[in-house]
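Colleague:
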Amino acid sequence: MNRDNQTWIGARFAQLSTGLKMLLILSFGLFPLGLIAVVASIDSARQNMADRRDDTFTRLEIKAQRINAALDRSAITIGAASAAIDSTEAGSGVCRRTLGRLGRSNARYALFADDGSPRCATAGFSVPTALPKPARRAVAEIVPDGSALRLFVFGEDRRIEGIAEYPREALREIAYIPGTSPDFDLTLSQGPRRMELRHGYVPGTLVQTISGSEDVADGQLKLSIALGAAPLSASELVMILLPVLMCLAAAIIGWLIVDRLLLRPLARMQRAVAAYQPGDSRIDLPSISSPAREIGELGSAFNQVTQTVARHEAELEAAIERQTRLVREVHHRVKNNLQVVASLLNLHARGAPNEQVSAAYASIQRRVDALAVVHRNHYAELEVNRGVALRSLISELASNLRATAPASASSMTIALHLEPLYVTQDVAVSVAFLITEIVEFAMLTAAPTVVISLESRSDKVARLTIGSPSLKAGTDYDPNLFERFDRIVTGLSRQLRSAMDRDLDRGRYSLDIAINARGEG
Numbered sequence: 032m033n034r035d036n037q038t039w040i041g042a043r044f045a046q047l048s049t050g051l052k053m054l055l056i057l058s059f060g061l062f063p064l065g066l067i068a069v070v071a072s073i074d075s076a077r078q079n080m081a082d083r084r085d086d087t088f089t090r091l092e093i094k095a096q097r098i099n100a101a102l103d104r105s106a107i108t109i110g111a112a113s114a115a116i117d118s119t120e121a122g123s124g125v126c127r128r129t130l131g132r133l134g135r136s137n138a139r140y141a142l143f144a145d146d147g148s149p150r151c152a153t154a155g156f157s158v159p160t161a162l163p164k165p166a167r168r169a170v171a172e173i174v175p176d177g178s179a180l181r182l183f184v185f186g187e188d189r190r191i192e193g194i195a196e197y198p199r200e201a202l203r204e205i206a207y208i209p210g211t212s213p214d215f216d217l218t219l220s221q222g223p224r225r226m227e228l229r230h231g232y233v234p235g236t237l238v239q240t241i242s243g244s245e246d247v248a249d250g251q252l253k254l255s256i257a258l259g260a261a262p263l264s265a266s267e268l269v270m271i272l273l274p275v276l277m278c279l280a281a282a283i284i285g286w287l288i289v290d291r292l293l294l295r296p297l298a299r300m301q302r303a304v305a306a307y308q309p310g311d312s313r314i315d316l317p318s319i320s321s322p323a324r325e326i327g328e329l330g331s332a333f334n335q336v337t338q339t340v341a342r343h344e345a346e347l348e349a350a351i352e353r354q355t356r357l358v359r360e361v362h363h364r365v366k367n368n369l370q371v372v373a374s375l376l377n378l379h380a381r382g383a384p385n386e387q388v389s390a391a392y393a394s395i396q397r398r399v400d401a402l403a404v405v406h407r408n409h410y411a412e413l414e415v416n417r418g419v420a421l422r423s424l425i426s427e428l429a430s431n432l433r434a435t436a437p438a439s440a441s442s443m444t445i446a447l448h449l450e451p452l453y454v455t456q457d458v459a460v461s462v463a464f465l466i467t468e469i470v471e472f473a474m475l476t477a478a479p480t481v482v483i484s485l486e487s488r489s490d491k492v493a494r495l496t497i498g499s500p501s502l503k504a505g506t507d508y509d510p511n512l513f514e515r516f517d518r519i520v521t522g523l524s525r526q527l528r529s530a531m532d533r534d535l536d537r538g539r540y541s542l543d544i545a546i547n548a549r550g551e552g
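Throughout the sequence shown, residue numbering follows our numbering, covering 32 to 552 in sequence.
(1) State the DSSP-derived secondary structure class of V462, mapped to helix, strand or coil.
(2) Helix, strand or coil for S426? Go by DSSP, reduced to three states.
(3) Using CA atoms only, rank isn't needed, just tell me which of P209, A548, G327, A166 is closest to T455.
(4) Provide the residue span of the alpha helix (DSSP H) that contains T129, from first to last.
(5) May I ask you to report which of helix, strand or coil DSSP gives P451?
(6) Tell me the residue span of the beta strand (DSSP E) that contains P149.
(7) In whole angstroms, what is the alpha-carbon distance linking M474 and G418?
(8) By the DSSP assignment, the alpha helix (DSSP H) with D534 in it spans what residues?
(9) The beta strand (DSSP E) with S221 in it runs from where to where?
(10) Consult DSSP for S489 and reduce its assignment to one of helix, strand or coil.
(11) Which of helix, strand or coil does DSSP assign to S499?
(12) According to DSSP, which residues form a beta bridge with G544?
(13) Tell me, please, which residues DSSP counts as bridged to D246.
(14) Please go through the same chain and pick out, in chain order, the residues whose beta-carbon is closer than 8 angstroms to the beta-carbon of E468, but skip the five residues on each side of it.
(15) Have a look at M226 and M277 and give me their C-alpha separation to the nearest angstrom.
(16) Identify which residue in S244, V405, F88 has its Cα closest to the Cα of L465.
(17) For the candidate residues R342, M270, A169, whose alpha-carbon lies nearest to that of R104?
(18) Would M443 pass as a contact of A391 if the rule is Cβ separation under 8 angstroms?
(19) Would you decide whether T27 is buried or exposed? Buried here means 16 or more other CB atoms lie within 10 Å of its CB.
(20) Starting from P198, follow the beta strand (DSSP E) in both directions and report where the run begins and ends.
(21) For the alpha helix (DSSP H) containing S297, name the first residue and the last one.
(22) To the nearest whole angstrom, what separates the beta carbons of S432 and V470, a pair I think is in contact under 8 angstroms?
(23) How far does the beta strand (DSSP E) with V520 in it extend, from its first residue to its last?
(24) Please classify L357 as buried or exposed, where buried requires at least 16 other C-beta atoms within 10 Å of its C-beta.
(25) Rounded to whole angstroms, what is the Cα-Cα separation between V125 and F215?
(26) State buried or exposed for A504, treating a residue as buried only when at least 16 other CB atoms are found within 10 Å of its CB.
(27) Using beta-carbon positions only, say whether A446 and T480 come within less than 8 angstroms of one another.
(28) Are the beta-carbon atoms of L495 and A463 separated by less than 8 angstroms?
(29) What are the residues that DSSP puts in a beta bridge with F143?
(30) Using the beta-carbon count (16 or more within 10 Å), is K491 buried or exposed?
(31) Just how far apart, CA to CA, sit A111 and E200?
(32) With a 10 Å radius around its C-beta and 16 neighbouring C-beta atoms as the bar for buried, classify Q396 as buried or exposed.
(33) Can at least three beta-carbon pairs, one atom from the region 206–221 and one from the region 190–198, be found at a separation below 8 angstroms?
(34) At what residues does the beta strand (DSSP E) containing V233 begin and finish?
(35) Do you know offhand how far I284's Cα is from Q308's?
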């Protein structure tokens with residue numbers, strides 16, 4: 032293949048998506064290994080395993096037959112000897128000769144007379160006194176500690192004829208098949224009782240356990256075997272290792288592809304994106320020479336997004352700045368206009384023909400001053416954007432009210448106990464009008480003092496309390512004046528969305544107001 036063809040193939044391959052590239056490379060890489068695994072699986076270990084299992088079951092069947100044969104011989108010999116023993120007197124030697132014939136194996140025996148008493152027994156054999164129920168002619172029983180197997184032989188009249196006891200070593204010798212490997216477990220069981228005849232099987236990582244069982248003594252016992260599969264052949268080893276090799280090769284190839292095409296370029300792009308700071312006009316992307324076309328497109332998309340965001344941020348900042356200037360200008364002009372109105376009202380009050388007209392002008396001037404104070408304090412807090420500071424607003428409002436007090440209330444004092452709290456402009460206007468109404472009512476009723484307190488109850492609620500002797504029950508005042516005053520105060524409390532708490536015994540009006548924040552001091 033010449034260089035031009037290689038260049039053409041490389042260019043066409045570079046145009047493919049990253050997912051398709053990975054699929055093609057993994058397919059070509061795993062195909063030979065998969066083909067070898069299929070060929071090796073044809074000559075798999077299943078047949079060998081089946082042969083091994085069949086051989087195991089055959090060996091188990093032979094062992095069970097050998098044990099059954101030994102038990103049957105003992106039962107037949109004991110039965111035949113029982114009749115001879117019953118027909119002769121004790122000491123005739125028939126019992127001992129029978130023990131001699133039975134004693135060719137490693138088992139121990141005991142023969143009984145027709146009255147159920149032991150006639151003779153193998154030397155050293157402790158004849159058991161407890162006998163099982165004669166449910167059948169020959170009853171097999173494993174001793175509780177699993178050290179021996181006892182065979183109780185009964186006659187047709189359910190009379191005990193003899194007992195044969197096979198130690199573990201004797202049964203192991205009976206079940207042994209010459210020429211077989213000893214690497215297996217052989218166990219004789221009867222319910223929960225177990226007798227381990229051989230323990231030679233050690234499970235391994237690559238060894239598969241083959242197990243089986245066979246009935247012994249007409250189903251009274253169960254002979255079980257367990258052993259491992261034969262060592263792996265070459266084809267079996269290849270069949271087992273090939274999937275591992277395939278997975279390993281797939282992992283390595285997949286990692287190399289992903290690392291080369293995706294991970295490294297994405298890591299470099301991630302560092303560039305992480306270095307982006309608000310206000311930057313674009314992302315300084317590194318030069319990426321990855322054949323993954325999507326990576327380059329992603330970088331271009333990031334740049335377009337950052338440029339769009341930067342442009343929108345600049346437009347928003349400019350709009351916010353224009354709005355802030357406009358709001359400041361509006362508040363400044365409203366404040367100035369209110370001050371002009373207050374000055375005009377003051378001039379008209381001075382030129383009023385009588386004291387009643389002058390008092391009316393002063394009352395209007397106080398409310399205009401209250402509104403001007405709100406706008407002046409809101410204008411001062413525009414930059415911080417926390418709202419209107421009630422402490423400075425109420426302090427300035429109290430000073431203006433004392434300055435515009437009529438001659439009859441010139442000695443009235445206004446005490447303040449205020450926490451540094453901030454509220455919205457709407458709340459500030461209502462609070463200013465409420466304080467103005469109550470203080471003016473105190474002025475008109477010649478009250479000596481007014482006490483204004485403001486304390487927070489939570490992060491969102493504060494308690495405003497205004498106290499004066501003129502608010503106590505029984506105070507002498509004009510009913511029309513109080514009715515108008517009470518109607519205005521009730522309306523202002525509704526604007527504040529709070530119920531007015533009137534303590535007429537102590538002369539206090541209190542209500543809760545919503546706050547934005549808490550200041551320092």
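Think of the CB as a built atom: it goes at the ideal place given N, C-alpha and C, for glycine as much as any other residue. Values in this document were obtained by computation on a predicted structure and should not be read as measured data.
Modeller: Reading from the atomic positions:
(1) helix
(2) helix
(3) A548
(4) 125–133
(5) coil
(6) 149–152
(7) 30 angstroms
(8) First-last for D534: 532–534, but that is the beta strand (DSSP E), not the alpha helix (DSSP H).
(9) Looking at the sequence itself, residue 221 is Gln, so the reference to Ser does not match. Start and end: 215–221.
(10) coil
(11) coil
(12) Contrary to the premise, residue 544 reads as Ile rather than Gly in this sequence. Answer is A493, bridged to I544.
(13) K253
(14) F516, I519, V520, L523
(15) 46 angstroms
(16) V405
(17) A169
(18) no
(19) The structure shown does not extend to residue 27, since the chain spans only 32 to 552, so no value can be given for it.
(20) 191–198
(21) It is worth fixing the name first, because residue 297 is Leu in this sequence and not Ser. Its alpha helix (DSSP H) spans residues 295–305.
(22) The amino acid at residue 432 is misidentified as Ser; the sequence shows Leu. Contact holds; Cβ gap of about 5 angstroms.
(23) No beta strand (DSSP E) holds V520; the alpha helix (DSSP H) holding it covers 510–526.
(24) exposed
(25) 42 angstroms
(26) exposed
(27) yes
(28) no
(29) P149
(30) exposed
(31) 26 angstroms
(32) buried
(33) no
(34) Unbroken run through V233: none, as it is neither H nor E.
(35) 37 angstroms
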